[in-house]
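Counting along the sequence shown from 1, when you hit position 315 you're at 315 in the working numbering, and nothing is skipped either side.
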Amino acid sequence: MLESNNFYLHKFYSLSGPWPRGVWEGLIERMRALIIRPAALGDTLMLMPAVAYMKQLVEITLVGRRPGLDFLRPYVQRCVDYEGPGWYRLFLDEVEPRHPNPIPEADLAVAFLTDPEATVERNLKIHLPDSPVRIFPPFPPKSDRTHVALYIAQCLEKAGLPVDAGKAFKNACKHPLVNEACPSSGKRIILHPGSGGLKKNHPPEFWHGLIKNIRETFAGGERPVLLLGPAEEPLFPFFREKAVGDAVTPILSPDQKTLTSLFNQGLLYVGHDSGITHLAAMHGIRTIALFKGSSIHQWRPLGPRVRVIENQRSGPDLIAETSAEIRNMLY
Numbered sequence: 001m002l003e004s005n006n007f008y009l010h011k012f013y014s015l016s017g018p019w020p021r022g023v024w025e026g027l028i029e030r031m032r033a034l035i036i037r038p039a040a041l042g043d044t045l046m047l048m049p050a051v052a053y054m055k056q057l058v059e060i061t062l063v064g065r066r067p068g069l070d071f072l073r074p075y076v077q078r079c080v081d082y083e084g085p086g087w088y089r090l091f092l093d094e095v096e097p098r099h100p101n102p103i104p105e106a107d108l109a110v111a112f113l114t115d116p117e118a119t120v121e122r123n124l125k126i127h128l129p130d131s132p133v134r135i136f137p138p139f140p141p142k143s144d145r146t147h148v149a150l151y152i153a154q155c156l157e158k159a160g161l162p163v164d165a166g167k168a169f170k171n172a173c174k175h176p177l178v179n180e181a182c183p184s185s186g187k188r189i190i191l192h193p194g195s196g197g198l199k200k201n202h203p204p205e206f207w208h209g210l211i212k213n214i215r216e217t218f219a220g221g222e223r224p225v226l227l228l229g230p231a232e233e234p235l236f237p238f239f240r241e242k243a244v245g246d247a248v249t250p251i252l253s254p255d256q257k258t259l260t261s262l263f264n265q266g267l268l269y270v271g272h273d274s275g276i277t278h279l280a281a282m283h284g285i286r287t288i289a290l291f292k293g294s295s296i297h298q299w300r301p302l303g304p305r306v307r308v309i310e311n312q313r314s315g316p317d318l319i320a321e322t323s324a325e326i327r328n329m330l331y
């Protein structure tokens with residue numbers, strides 16, 4: 001819902017109250033929105049439901065970090081690398097007028113940043129004096145059971161953008177957002193034994209046991225793919241030593257093109273609560289997310305074919321439970 005007297009969209013249209021999507025599309029020209037969310041891959045992907053909903057309604061300039069920016073490009077008009085020149089000046093106490101201004105023109109600016117002294121808000125208002133500026137915390141409180149993607153959509157809606165947060169979130173749960181059609185022809189199981197937080201990860205011994213179980217259960221099938229990002233590359237010698245013969249196909253630090261190809265051709269994905277897991281779920285591939293040390297309520301992967309297993313212990317029981325869920329999803 002838009003708050004009354006919030007702001008003017010394209011010079012002459014002052015909007016208030018809940019406006020149906022068709023009214024937005026037919027009545028006004030698209031507004032220009034600046035959205036700032038410098039974050040890791042999974043955190044950036046939480047913008048996807050909202051920006052996908054607004055794709056035809058708003059010209060969005062998204063400021064963030066790669067690789068997350070790369071996957072949101074189809075939904076926005078412009079992606080800007082937050083690590084590029086000039087953006088650090090948002091946090092300066094005094095504006096540097098002699099330096100080029102990296103901030104593009106916008107009818108509304110929304111930033112998801114920690115800004116206790118309102119420094120970023122003040123500097124954005126200096127550069128965009130005629131446009132509303134809204135600053136929100138990057139995440140909901142840890143005690144809140146609201147999903148992060150829903151929280152972001154709610155913030156954007158509260159700021160005045162034409163997004164129905166509830167509908168956008170439900171759509172992300174029912175339909176793949178990164179890939180328009182669910183992959184169906186793949187034959188490989190994809191495994192990712194890492195994440196950005198060690199407390200969320202089951203040890204490599206768990207993954208070794210799961211690989212053995214998969215190979216025994218699906219004897220004769222294609223070898224599972226083992227994704228190892230930069231944080232997991234030190235685990236490669238372990239898997240090379242422990243994996244029985246050619247039990248897996250390791251892929252180290254895959255780029256966007258490689259990940260997209262794998263998910264489009266994959267049969268099923270298993271991983272921790274990580275950015276790669278969120279990406280897999282949004283591709284529509286069958287996804288099993290292993291949660292240990294993070295909130296399912298806030299971080300459950302979004303997609304049409306997702307199963308979540310929450311277990312703090314990493315022993316044989318979890319290997320058996322995960323293997324059973326793999327069979328359930330495939331047969």
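Every residue, glycine too, gets a C-beta built ideally from N, C-alpha and C.
Note that the structure is predicted; figures quoted are calculated from it, not measured.
Can the beta-carbon of residue i be found less than 8 Å from the beta-carbon of residue j?
| i | j | result |
| --- | --- | --- |
| T260 | R223 | no |
| P38 | Y82 | yes |
| P41 | G68 | Strictly speaking, residue 41 in this sequence is Leu, with Pro absent from that position. Against a cut-off of 8 Å, the Cβ pair of G68 and L41 comes out as a contact. |
| H161 | M282 | First, the amino acid is wrong: residue 161 is Leu here, not His. For L161 and M282, no; Cβs fall outside 8 Å. |
| S253 | S195 | no |
| N201 | H272 | yes |
| L150 | F169 | yes |
| I326 | H192 | no |
| I103 | L128 | yes |
| L47 | I135 | no |
| L235 | I251 | no |
| R30 | V51 | no |
Within 10 Å of its beta-carbon, does residue i have 16 or more other beta-carbons around it, so buried, or fewer, so exposed?
| i | result |
| --- | --- |
| G315 | exposed |
| E157 | buried |
| K11 | Per-residue confidence for K11 stands at a pLDDT of 33, beneath the threshold of 50, marking its modelled position as unreliable; the derived number appears in the next sentence. Under this definition K11 is an exposed residue. |
| Q351 | Outside the modelled stretch of the chain, which goes from 1 to 331, sits residue 351, for which no answer is possible. |
| Q256 | exposed |
| L318 | buried |
| G84 | exposed |
| R313 | exposed |
| L27 | Any reading at L27 must be qualified, since the residue scores a pLDDT of 45, below 50, and its modelled position is unreliable; the value itself is stated next. Exposed, because fewer than 16 other Cβ atoms sit within 10 Å of the Cβ of L27. |
| T322 | buried |
| T44 | buried |
| E25 | Below a pLDDT of 50, predicted positions are generally treated as unreliable, and E25, at 49, falls in that range; the measurement from the model is reported next regardless. It counts as exposed. |
| L15 | Confidence is the limiting factor: at L15 the pLDDT is only 39, short of 50, which leaves the residue's position unreliable, though a coordinate-based value still follows. It is buried - the Cβ of L15 has at least 16 other Cβ atoms within 10 Å. |
| K292 | buried |
| L330 | exposed |
| R215 | buried |
| M1 | Confidence at M1 is low in this model, with a pLDDT of 34, below 50, so the placement of that residue should be treated as unreliable; the coordinate-derived value is given next. Exposed. |
| Y269 | buried |
| N5 | In this predicted model, N5 has a pLDDT of only 33, less than 50, meaning its place in the structure is not dependable enough to derive any value. |
| N123 | buried |
| D164 | buried |
Along the alpha helix (DSSP H) that carries residue i, what are the first and last residues, could you check?
| i | result |
| --- | --- |
| D317 | P316 to L330 |
| R215 | P204 to T217 |
| I126 | T119 to H127 |
| T277 | G275 to H283 |
| H297 | I296 to W299 |
| V225 | Taken as a continuous stretch (DSSP letters only), V225 belongs to no alpha helix (DSSP H), being part of the beta strand (DSSP E) at V225 to L228. |
| F169 | A165 to K174 |
| I152 | V148 to A159 |
Out of the options, point me to the one whose CA is closest to residue i's CA.
| i | options | result |
| --- | --- | --- |
| R145 | L161, R300 and R240 | R300 |
| F238 | L226, P204 and G194 | P204 |
| F225 | I190, N311 and K257 | Residue 225 is actually Val in this sequence, not Phe. Ranking the options by Cα distance to V225, first place goes to I190. |
| G284 | P138, G303 and H272 | G303 |
| G186 | F263, T114, H147 and H278 | F263 |
| R188 | L124, L267, P102 and A33 | L267 |
| L345 | A289, A50 and L113 | One cannot answer for residue 345 here, as it falls past the ends of the chain, which runs 1 to 331. |
| A159 | A168, G293, L34 and T287 | L34 |
| P140 | R134, Q154 and P129 | Q154 |
| P132 | A111, V306 and E117 | A111 |
| R32 | K199, D70, S143 and L62 | L62 |
| N328 | I135, L290 and R286 | R286 |
| A172 | R30, V306, E310 and I36 | V306 |
| S143 | S295, I309, V308 and E310 | S295 |
| R66 | C79, E59, N311 and V58 | C79 |
| D107 | L210, Q265, H278 and D130 | D130 |
Along the chain, where does the beta strand (DSSP E) that runs through residue i open and close?
| i | result |
| --- | --- |
| V110 | L108 to F112 |
| L267 | G266 to H272 |
| L235 | Neither: L235 is in no beta strand (DSSP E) and is coded neither H nor E. |
| V306 | V306 to E310 |
| V133 | V133 to F136 |
| L191 | R188 to H192 |
Taking only beta-carbon positions, decide if residue i is within less than 8 Å of chain C.
| i | result |
| --- | --- |
| W207 | The question asks about chain C, but that chain is absent: this structure has only one protein chain. |
* Tell me the start and end of each unbroken beta strand (DSSP E) in the segment 39-88 that is at least 3 residues and wholly inside, in chain order. => 58-64 and 78-81
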